[in-house]
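**Q** Starting off with a structure, shown below.
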Amino acid sequence: MRPEKQEQNTIKKRVISALLALCIALVALLSSGCDMIEEFLGDVIASGMDEILTQGTDPVATDLVATIALTPEPTPDPTAPPTAAPTATNAPTATATAAAPAGFVDDYVPGYGGSVIRVNKTNPGEPLRYWRATLKDPAQVAAYDSLEETAKKHGNVAVMTRKISFEDFKPVYEKFMLDHPEIFWYNNNYHGTGHTNDIKTVEIEQKYSENQIKLMQNGIDDVTRQILFRIPDGASDFEAEQIIFEWLAANVQYDLDAPNAYTMYGALVDRRCVCEGYAEAFQYLCGKVGIPATSITGTGYNGKVTEKHKWNAAKIGGNWYLVEPTWANVNTTKRFLYLNCSGYIAATHTPKDFQLADLPSFSATAADYLSYYGLTVGNTSDEQEFDTVFMRAVAHFVPLFPTGNGSVTVLLRAPNAAAAQKYSGWIADYNASRVGELMKRLNTGYDRTYVIWGDPEILEGNIVAFKLARY
16 MRPEKQEQNT
26 IKKRVISALL
36 ALCIALVALL
46 SSGCDMIEEF
56 LGDVIASGMD
66 EILTQGTDPV
76 ATDLVATIAL
86 TPEPTPDPTA
96 PPTAAPTATN
106 APTATATAAA
116 PAGFVDDYVP
126 GYGGSVIRVN
136 KTNPGEPLRY
146 WRATLKDPAQ
156 VAAYDSLEET
166 AKKHGNVAVM
176 TRKISFEDFK
186 PVYEKFMLDH
196 PEIFWYNNNY
206 HGTGHTNDIK
216 TVEIEQKYSE
226 NQIKLMQNGI
236 DDVTRQILFR
246 IPDGASDFEA
256 EQIIFEWLAA
266 NVQYDLDAPN
276 AYTMYGALVD
286 RRCVCEGYAE
296 AFQYLCGKVG
306 IPATSITGTG
316 YNGKVTEKHK
326 WNAAKIGGNW
336 YLVEPTWANV
346 NTTKRFLYLN
356 CSGYIAATHT
366 PKDFQLADLP
376 SFSATAADYL
386 SYYGLTVGNT
396 SDEQEFDTVF
406 MRAVAHFVPL
416 FPTGNGSVTV
426 LLRAPNAAAA
436 QKYSGWIADY
446 NASRVGELMK
456 RLNTGYDRTY
466 VIWGDPEILE
476 GNIVAFKLAR
486 Y
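Plus 15 on top of the position in the sequence shown (first one is 1) and you've got my numbering.
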């Protein structure tokens with residue numbers, strides 16, 4: 016054998032031996048959970064591999080070494096936009112169909128069912144401060160910020176840094192509480208020191224002790240993880256919102272006598288609360304998945320009386336929608352009309368005067384429940400479109416039937432009031448109208464008999480509701 020060939024073989028043997036030794040060492044390090052793997056690899060490459068490479072220029076040797084050489088991470092560019100945090104190596108890839116809203120970045124959080132949890136990229140965990148942005152008076156902004164700094168320290172005395180009157184402070188405190196459902200330990204009672212037109216400090220009453228706050232926050236965190244676990248990877252903002260909405264409707268009872276009825280703790284942990292608890296829990300959970308949401312206070316008319324009330328607004332696909340999680344706590348499909356069907360909700364809800372001018376438009380319908388699931392007829396003169404939407408609506412709501420015989424309310428939206436009247440007439444007299452043919456088609460596709468039960472209703476927003484019974 017030629018000397019140069021023998022030398023090449025010797026080099027190959029050394030390379031292979033070194034690689035085998037390296038593999039064995041890596042396995043041992045990984046199995047022992049060593050935290051010094053990167054340092055070990057660096058030492059091996061810097062010493063052992065250098066020695067091997069200096070003994071010859073065999074292409075095999077250089078290629079083998081190149082495959083295990085560590086590539087240093089590039090230095091981050093401070094001017095570049097933020098990118099998503101890397102996922103855990105054993106975790107499923109987390110993707111979202113909708114881009115994170117402005118000011119947020121997608122961040123994978125292990126332990127949340129593999130869901131994308133969107134956090135504020137400049138201040139993680141910071142809630143959307145919708146109402147702060149509506150404050151124009153610098154003294155009011157300063158008062159808001161003072162309240163915020165005090166709350167972060169779990170304090171209860173806020174020092175005013177600018178001259179502000181008691182009257183000007185009142186809407187500041189309300190807007191501060193609307194922005195911060197996570198500050199569940201403050202109540203609505205406070206008093207200021209100083210003069211009527213120049214408050215020096217504001218002392219806020221706290222509902223709970225420091226130890227209670229910590230324990231309650233742990234409970235909130237546990238339930239939040241359970242709810243977010245239900246949101247699959249790649250869920251759209253609407254789908255995530257609906258899961259949150261449905262969880263509250265199915266799991267929380269309205270209870271005026273609940274000990275924590277006016278907080279999100281009452282909704283999430285006790286599962287008993289009033290409208291404040293529902294609205295604050297919805298807002299808080301939406302914030303956890305990066306859906307801009309806020310709360311609105313005013314009055315609601317429930318068909319009998321007008322009462323003080325609290326509900327929500329959520330931003331989906333660039334548009335704001337009204338949401339009513341409290342009134343969705345009913346065992347009927349009409350609860351879905353409280354998910355982004357702004358026209359239906361606005362007909363019975365009136366915000367406080369000081370909020371009216373600062374609220375966004377709620378005219379969009381693309382992401383309301385009926386539009387999202389294609390339960391809206393767009394063309395008055397297109398009867399075939401009505402047929403399609405009618406059958407789609409029935410197919411959508413049939414799976415929601417209770418076990419056995421019973422009825423379920425089917426919902427669809429007409430393009431205008433005249434069309435709603437026409438569709439209602441068809442449904443009411445379905446044996447003598449085109450709806451009769453649709454019902455025959457329906458009953459050939461199911462193993463149960465379905466009938467339209469009673470007269471249909473025309474609800475606010477040109478929504479036609481009718482009961483479908485089966486036996």
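A virtual CB, placed ideally from N, CA and C, is assigned to each residue, including glycine.
(1) Suppose the cutoff is 8 Å on Cβ atoms and the five residues either side in sequence are ignored; what does the same chain contact list for glycine 421 look like?
(2) Pull up the CB-CB distance for isoleucine 235 and tyrosine 280, whole angstroms please, since I reckon it's below 8 Å.
(3) Using the Cβ count rule (16 or more neighbours within 10 Å means buried), how would you classify isoleucine 467?
(4) Could you check the C-alpha separation between valine 124 and threonine 395 for me, to the nearest Å?
(5) Roughly how far, in whole angstroms, is the beta-carbon of arginine 350 from the beta-carbon of alanine 343, given that I think they are within contact range, below 8 Å?
(6) For valine 217, which beta-bridge partners are listed by DSSP?
(7) Please state whether DSSP places glycine 333 in a helix, a strand or coil.
(8) From the DSSP output, which residues share a beta bridge with isoleucine 467?
(9) Could you spell out the range, first to last residue, of the beta strand (DSSP E) harbouring arginine 428?
(10) So, using beta-carbon positions, are isoleucine 258 and arginine 240 closer together than 7 Å?
(11) Three Cβ pairs or more, each shorter than 8 Å: is that satisfied between the segment 443 to 461 and the segment 423 to 435?
(12) Going by DSSP, which residues form a beta bridge with glutamate 452?
(13) Candidates Leu385, Pro471 and Ala447: which alpha carbon is nearest proline 430's?
(14) Does valine 474 come out as helix, strand or coil in the three-state DSSP assignment?
(15) According to DSSP, what are the bridge partners of lysine 323?
(16) With DSSP run on the structure shown, which of helix, strand or coil describes asparagine 202?
(17) Where does serine 376 land, buried or exposed, given buried means 16+ other C-beta within 10 angstroms?
(18) Just grab the DSSP bridge partners of arginine 287 for me.
(19) Does the contact criterion of 3 or more C-beta pairs under 8 Å hold for the segment 163 to 174 versus the segment 260 to 280?
(20) On the premise that alanine 154 lies in contact with lysine 178, defined as a C-beta separation below 8 Å, what is that separation, rounded to the nearest angstrom?
(21) Give the secondary structure of histidine 411 by DSSP, where H, G and I count as helix, E and B as strand, and everything else as coil.
(22) Under the three-state reduction of DSSP, which class applies to proline 186: helix, strand or coil?
(23) Quick check on threonine 341: does DSSP put it in helix, strand or coil?
(24) So, glutamate 261 versus alanine 329, is the Cβ gap smaller than 7 Å?
(25) Curious, which full-length alpha helix (DSSP H) runs of at least 4 residues does the segment 364 to 390 contain?
(26) Please confirm if the segment 465 to 480 is in contact with the segment 352 to 361, defined as three or more CB-CB distances below 8 Å between the two stretches.
(27) Going by DSSP, name the residue or residues bridged to leucine 354.
(28) Rounding to the nearest angstrom, what Cα-Cα distance links proline 196 and threonine 278 in this structure?
(29) So what does DSSP say about threonine 348, is it helix, strand or coil?
(30) So, with DSSP's three-state summary, where would you put threonine 309?
(31) Nearest to alanine 434 by CA position, among Thr363, Val172, Ile311 and Glu400, is which residue?
**A** To lay it out plainly:
(1) Taking the sequence shown and counting its residues from 1, the one referred to as residue 421 is at position 406. Ala484 and Arg485.
(2) Locating residue 235 in the sequence shown gives position 220, where the first residue counts as 1. Locating residue 280 in the sequence shown gives position 265, where the first residue counts as 1. Right, the Cβ-Cβ distance comes to about 6 Å (below 8 Å), so this counts as a contact.
(3) Here residue 467 refers to the residue found at position 452 when the sequence shown is read from its first residue. Answer is buried; the Cβ neighbour count reaches 16.
(4) Here residue 124 refers to the residue found at position 109 when the sequence shown is read from its first residue. Here residue 395 refers to the residue found at position 380 when the sequence shown is read from its first residue. Only weak support exists for where valine 124 lies, its pLDDT of 32 falling under 50; the coordinates are left without a value.
(5) Walking along the sequence shown from the start, residue 350 turns up at place 335. Walking along the sequence shown from the start, residue 343 turns up at place 328. Contact flag correct, Cβ pair sits at about 4 Å.
(6) Within the sequence shown, residue 217 is the residue found at index 202, counting from 1. The partner list for valine 217 (beta bridge, DSSP) reads Ala173 and Gly207.
(7) The residue you call residue 333 lines up with position 318 of the sequence shown. DSSP places glycine 333 in coil when its eight states are reduced to three.
(8) Residue mapping note: residue 467 aligns to position 452 of the sequence shown, counting from 1. Isoleucine 467 pairs with Leu483.
(9) On the sequence shown, position 413 is the one that residue 428 refers to. 421 to 428 is the span of the beta strand (DSSP E), which, as asked, contains arginine 428.
(10) What you label residue 258 is simply residue 243 of the sequence shown in a count that begins at 1. What you label residue 240 is simply residue 225 of the sequence shown in a count that begins at 1. It is not a contact, given that the beta carbons lie outside the stated cut-off.
(11) no
(12) Here residue 452 refers to the residue found at position 437 of the sequence shown. For glutamate 452, which the question treats as bridged, DSSP gives no partner whatsoever.
(13) Looking up residue 430 in the sequence shown gives position 415. That would be Leu385, whose Cα lies nearest to the Cα of proline 430.
(14) For the purposes of this step, residue 474 is taken as residue 459 along the sequence shown, with counting starting at 1. Per the sequence shown, residue 474 should be read as leucine rather than valine. In the structure shown, leucine 474 sits in a strand (DSSP, three-state: E or B).
(15) Here residue 323 refers to the residue found at position 308 of the sequence shown. Per DSSP, Thr314.
(16) The residue labelled residue 202 in the question sits at position 187 within the sequence shown. Residue state, collapsed to three classes: strand.
(17) For this step, residue 376 is matched to residue 361 along the sequence shown. Exposed.
(18) In the sequence shown, counting from the first residue as 1, residue 287 sits at position 272. For arginine 287, which the question treats as bridged, DSSP gives the partners Gln268.
(19) no
(20) On the sequence shown, residue 178 is found 163 positions in, with the first residue counted as 1. On the sequence shown, residue 154 is found 139 positions in, with the first residue counted as 1. For a cut-off of 8 Å, the C-beta gap from lysine 178 to alanine 154 is around 6 Å, short enough to register as a contact.
(21) Within the sequence shown, the letter at position 396 stands for residue 411. Helix.
(22) Within the sequence shown, the letter at position 171 stands for residue 186. The DSSP-derived three-state label of proline 186 is helix.
(23) Sequence index remark: in the sequence shown, residue 341 carries index 326 (1-based). Note: threonine 341 maps to coil in three-state DSSP.
(24) If you number the sequence shown from 1, residue 261 lands on position 246. If you number the sequence shown from 1, residue 329 lands on position 314. Against a cut-off of 7 Å, the Cβ pair of alanine 329 and glutamate 261 comes out as no contact.
(25) 368 to 371 and 384 to 387
(26) yes
(27) As a first step, residue 354 must be located in the sequence shown, where it is residue number 339. Per DSSP, Val338.
(28) Mapped onto the sequence shown, residue 196 falls at position 181. Mapped onto the sequence shown, residue 278 falls at position 263. Looking at the two C-alpha atoms, the distance is approximately 8 Å.
(29) Indexing the sequence shown from 1 puts residue 348 at position 333. Looking at threonine 348 - three-state DSSP - the assignment turns out to be helix.
(30) Locating residue 309 in the sequence shown gives position 294, counting from the first residue. Looking at threonine 309 - three-state DSSP - the assignment turns out to be strand.
(31) On the sequence shown, residue 434 is found 419 positions in, with the first residue counted as 1. Looking at the Cα atoms, Glu400 is the closest of the given residues.
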